[in-house]
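Contents: one structure, followed by commentary.
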Amino acid sequence: MTRTGSRGVSLVAGIVAILASVVVFVVPFAFIFLTASKDASEASRLEFSWPQDWAFAENLAEVLATRDGVVVRAFVNSTVLTVVSVVIMVILAAMVGYLLQRRSSRLNPLVSFLVLAGLIVPPAVVPTIWVLQGLGLFKTMPGLILIEATFGLSFCILLFRAFVATIPRELDEAAIIDGAGPLRLFFSVVLPLLRPVIITVVVVQAVAVFNDFTNPLYFLPGDENATVQLTLYNFQSQMVSQFNLLFMDILLITIPPLVMYIFFNRQIVAGMTSGAVKG
Amino acid sequence: MTATVTPQVRPNRRRRRAAGSTSATQRTIYPSWFYLPAAVLYLVFFAVPTFASFYFSLTRWTLFDTEFIGLENYVQFFSEPQLSRGFVNTLVYGFVTSGAKVVLGLALAVLLTSQLVGRGYLRSVVFFPVLVSTIGVGITFKALLDPFDGVVNTMLAAFGIDGPGWFTDPAQALLTIAAVDVWKGLGIATLIYIAGIVAIPQEYYEAARVDGASRWQQFRSITLPLVQPATATVIILSLIGGLRSFDLIWATTGGGPGFTSDVIGSVIYKQYQAGFYGLSTAGNVILFLVVTAVMVPISILLNRKEVDR
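Listed below in structure tokens is the structure:
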């Protein structure tokens, strides 16, 4: 094949691929945006069309005002849930991953097994509710935070263990000789060096917790304390004839992950593929 | 990322042995209690419920009161069609989505690692659905695939094709959901394959080209065998996700029409809602057994192949 010939083929293939991707991937997102911009009667026709009257601002205001700002409260709840559970996850998983990589002990095979089990075994729903009730944490935000943190631990530990291996042990020894205790060593020497993998873990897990539907459904049910995903799910039955508002809500809760993706594209990709290779 | 990490692990270890640090100093530098906080969470919120589930699945359970009934919940699960259907559907759903993600993910990755116009755009657009909430995706596709007004069926009608009732036809619903699942999860599979393909040394392809191998032969004898670790990862990840799936199904059909698109995950939720906690927990144990029974042999098989190579 000549050079110009293969370039011609790849140009055609590229154009075909771009057209196909527009139909398969861009149209659904454009549909969300366009429907969110229509008025109620036009949106209910479910057409893929340019809105006759742009009602974007009105829809936005109406969604935010629905039921005394349930969406705004849900955003606050989801933010608290995401931030706190990811912080807990990162610190605890970093400690485990660090110890698992640094110290060779008889515990290691057991810990590795438990980490893998945590990745594969589906959580037992009603017994978890039973435990939460026993602790007085069922239907509370702290309960859901601890649940999300626990379920995310395994994935984070695998990432941290792989990354700790790249930090030279000599640093640990130097810090100990300089008189640092194990806590000082970990928090002021090792943890700052884990920065790249911490960013990856934070971004991947923040998107996962923010988008999680199943755990809030089971462990923080109800309408008042809901997270954004639960609110969206409840809207589905409450706004049957108001597709414009329903899709405006979808649009709103897609913005935080989208912003994450724009800023941390590389870290998300690294986290998803490397964590995956280990799993 | 892992590929760059692994080679550095070994020299490190060797150096440590040469230095001969004792386990006593190790214990002071790296104290075991670092495991403790994570272990407490894991034990209380994961291990205890998992072990308790084995007992509770053998009871009639109302959260206040349990009555031991032996294997009755399991018998009921497999004798009532609306429950056992979930068992079959879980396997179908898991294998269909996993297989589709392997084939399409590999095809897309090959395409996106070639000299292609608009490669960067294509990579982002394929990956973006991964970040959108499952519920949002479910609602969007319910609208797009509406049997009467939906965009897809309106388009098909323009070509004179009578579009199926995607989510409303009992024979079709589960496969439609599986297709949406593939649409949403394809980005991860593609990314993993891209990472695998990029790691293959270019010299192999150059040598093959010198020997006159065609594009297809290059793919068949170089790419395919050498991306095997990526394939293993995609299969394992998508099976774990597929067998445990619940939210996309719940957001689109709720297991319907009837119970034709129920999976174990949705049966667990339905029985929980109905107050049959013992039966719901039995569903959980069955899901646990299904996932283990599928994942253990598959990961052994895939890892063995990797070593053989």
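Protein sequences, first through last, are from chains A and B. Position 243 of the first sequence, counting from 1, maps to 243 under our numbering, and the rest follow consecutively. Counting the second sequence from 1 gives a position; our numbering is that position plus 1000. For every residue, glycine included, the Cβ atom is placed at its ideal position computed from N, Cα and C. None of the values given here were measured: they were computed from a predicted structure.
Any idea which residues DSSP pairs residue 1216 of chain B with across the strands?
Counting from one through the second sequence, the residue named residue 1216 of chain B turns up at place 216. Per DSSP, none; premise fails for residue 1216 of chain B.
Where does residue 1303 of chain B sit, in a helix, a strand or coil, going by DSSP?
For the purposes of this step, residue 1303 of chain B is taken as residue 303 along the second sequence, with counting starting at 1. Note: residue 1303 of chain B maps to helix in three-state DSSP.
Give me whichever residues DSSP pairs with residue 1067 of chain B in a beta bridge.
Position 67 of the second sequence, counted from the start, is the residue given in the question as residue 1067 of chain B. Paired residue(s): B:1060.
Should residue 60 of chain A be flagged as near chain B, meaning a C-beta pair shorter than 8 Å?
Locating residue 60 of chain A in the first sequence gives position 60, counting from the first residue. Under the 8 Å criterion on CB atoms, residue 60 of chain A is classed as non-interfacial with respect to chain B.
Let's test the definition: count the other Cβ atoms within 10 Å of the Cβ of residue 4 of chain A and tell me whether it reaches 16, buried, or not, exposed.
The residue labelled residue 4 of chain A in the question sits at position 4 within the first sequence. At residue 4 of chain A, the pLDDT of 49 sits below 50, so the modelled position is not reliable; the number obtained from the coordinates is stated separately. Exposed, because fewer than 16 other Cβ atoms sit within 10 Å of the Cβ of residue 4 of chain A.
For the alpha helix (DSSP H) containing residue 1242 of chain B, list its first residue and its last residue.
Along the second sequence, one-based indexing puts residue 1242 of chain B at 242. First-last of the alpha helix (DSSP H) with residue 1242 of chain B: 1228-1243.
Rounded to whole angstroms, what is the Cα-Cα separation between residue 266 of chain A and residue 74 of chain A?
Residue 266 of chain A sits at position 266 when you count from the first residue of the first sequence. Residue 74 of chain A sits at position 74 when you count from the first residue of the first sequence. Answer to the nearest angstrom: the Cα atoms are 29 Å apart.
With distance defined between alpha-carbon atoms, name the residue in A:123, A:148, A:154 nearest to residue 114 of chain A.
As a working mapping, residue 114 of chain A is identified with position 114 in the first sequence. With distances taken between Cα atoms, residue 114 of chain A lies closest to A:154.
So what's residue 1287 of chain B in DSSP terms, helix, strand or just coil?
Sequence index remark: in the second sequence, residue 1287 of chain B carries index 287 (1-based). Helix at residue 1287 of chain B.
Should residue 1146 of chain B be labelled buried (16 or more other beta-carbon atoms within 10 Å of its own) or exposed?
Looking up residue 1146 of chain B in the second sequence gives position 146. Buried: at least 16 other Cβ atoms inside 10 Å.
Look up residue 1046 of chain B in the DSSP assignment and say whether it is helix, strand or coil.
As a working mapping, residue 1046 of chain B is identified with position 46 in the second sequence. Three-state DSSP puts residue 1046 of chain B in a helix.
Compare the Cα-Cα distances from residue 106 of chain A to each of B:1122, B:1032, B:1155, B:1037 and report the closest residue.
Locating residue 106 of chain A in the first sequence gives position 106, where the first residue counts as 1. Residue B:1032 is the option with its Cα nearest to residue 106 of chain A.
Give the interface partners of residue 1146 of chain B over in chain A, defined as CB-CB distance under 9 Å, in chain order.
Counting from one through the second sequence, the residue named residue 1146 of chain B turns up at place 146. Here the neighbours are 46.
To test your reading of the DSSP string, which unbroken beta strand (DSSP E) runs of 3 or more residues are found completely within the stretch 1098-1145 of chain B?
none
Between residue 268 of chain A and the rest of its own chain, which residues show a CB-CB distance below 8 Å, the 5 nearest in sequence each way excluded?
Position 268 of the first sequence holds residue 268 of chain A. Correct list, in chain order: 200, 203, 204, 207, 260, 261.
Step through the CB atoms of chain A and report whether any lies within less than 8 Å of the CB of residue 1115 of chain B.
Numbered from its first residue, the second sequence carries residue 1115 of chain B at position 115. It does: the Cβ of residue 1115 of chain B has a partner Cβ on chain A nearer than 8 Å.
Quick check on this structure: which residue in A:241, A:85, A:122, A:221 has the alpha carbon closest to the alpha carbon of residue 1049 of chain B?
Residue mapping note: residue 1049 of chain B aligns to position 49 of the second sequence, counting from 1. For residue 1049 of chain B, the nearest C-alpha among the options comes from A:122.
Taking 7 Å as the limit between beta carbons, can you name the residues of its chain near residue 1119 of chain B, skipping five residues before and five after?
Against the second sequence, residue 1119 of chain B aligns to sequence position 119. Contacts found: 1112.
Mapping DSSP to helix, strand and coil, what is residue 103 of chain A?
Taking the first residue of the first sequence as position 1, residue 103 of chain A is located at position 103. Coil.
Which residues of chain B have a Cβ atom closer than 7 Å to the Cβ of residue 172 of chain A, listed in chain order?
Start at 1 with the first residue of the first sequence, and residue 172 of chain A comes out as number 172. Those are 1029, listed as they occur along chain B.
Using the C-alpha atoms, what's the distance from residue 83 of chain A back to residue 180 of chain A?
The residue given as residue 180 of chain A occupies position 180 in the first sequence. The residue given as residue 83 of chain A occupies position 83 in the first sequence. Distance between the alpha carbons of residue 180 of chain A and residue 83 of chain A: 30 Å.
So that I know if they touch, is there some Cβ in chain A lying closer than 8 Å to that of residue 1156 of chain B?
Counted from its first residue, the second sequence places residue 1156 of chain B at position 156. By this cut-off, residue 1156 of chain B is not an interface position.
Who are the near neighbours of residue 1102 of chain B in its chain, counting only those whose CB is closer than 8 Å to its CB and skipping five residues on each side?
Against the second sequence, residue 1102 of chain B aligns to sequence position 102. Around residue 1102 of chain B, the same chain offers 1189, 1231, 1234, 1235, 1238 as residues with beta carbons nearer than 8 Å, after the five sequence neighbours per side are excluded.
How long is the line joining the alpha carbons of residue 197 of chain A and residue 96 of chain A, rounded to whole angstroms?
For the purposes of this step, residue 197 of chain A is taken as residue 197 along the first sequence, with counting starting at 1. For the purposes of this step, residue 96 of chain A is taken as residue 96 along the first sequence, with counting starting at 1. Approximately 14 Å, taken between the alpha carbons.
Rounded to the nearest angstrom, what separates residue 128 of chain A and residue 1293 of chain B at their Cα positions?
Stepping through the first sequence from its first residue, residue 128 of chain A is reached at position 128. Stepping through the second sequence from its first residue, residue 1293 of chain B is reached at position 293. Residue 128 of chain A and residue 1293 of chain B have their alpha carbons spaced roughly 23 Å apart.
Given that a residue counts as buried once 16 or more other Cβ atoms are within 10 Å of its Cβ, and exposed if not, what is residue 1167 of chain B?
What you label residue 1167 of chain B is simply residue 167 of the second sequence in a count that begins at 1. Residue 1167 of chain B is buried by the Cβ-count criterion.
Along the chain, where does the alpha helix (DSSP H) containing residue 161 of chain A start, and where does it finish?
Locating residue 161 of chain A in the first sequence gives position 161, counting from the first residue. Counting along the chain, the alpha helix (DSSP H) containing residue 161 of chain A begins and ends at 141-164.
If you check the beta carbons only, do residue 28 of chain A and residue 38 of chain A fall under 8 Å apart?
Taking the first sequence and counting its residues from 1, one reaches residue 28 of chain A at position 28. Taking the first sequence and counting its residues from 1, one reaches residue 38 of chain A at position 38. In this structure, residue 38 of chain A does not lie closer than 8 Å to residue 28 of chain A by Cβ.
Taking all protein chains shown into account, do 16 or more other C-beta atoms lie within 10 angstroms of the C-beta of residue 1162 of chain B, making it buried, or fewer, making it exposed?
Residue 1162 of chain B sits at position 162 when you count from the first residue of the second sequence. That one is exposed.
Quick one, which residues of the stretch 92-109 of chain A are near chain B if we go by CB-CB under 9 Å, in chain order?
Within the stretch 92-109 of chain A, those residues whose Cβ lies closer than 9 Å to any Cβ of chain B are, in chain order, 92, 93, 95, 96, 98, 99, 100, 101, 102, 103, 104, 105, 107.
Please name the residue, chosen from B:1214, B:1133, B:1084, B:1121, that lies closest to residue 975 of chain B on a Cα-to-Cα basis.
Examination of residue 975 of chain B is not possible in this model, given that chain B is present from 1001 through 1309 alone.
Along chain B, in chain order, which residues have C-beta atoms closer than 8 Å to that of residue 10 of chain A?
Indexing the first sequence from 1 puts residue 10 of chain A at position 10. In chain order: 1114, 1115, 1116, 1117.
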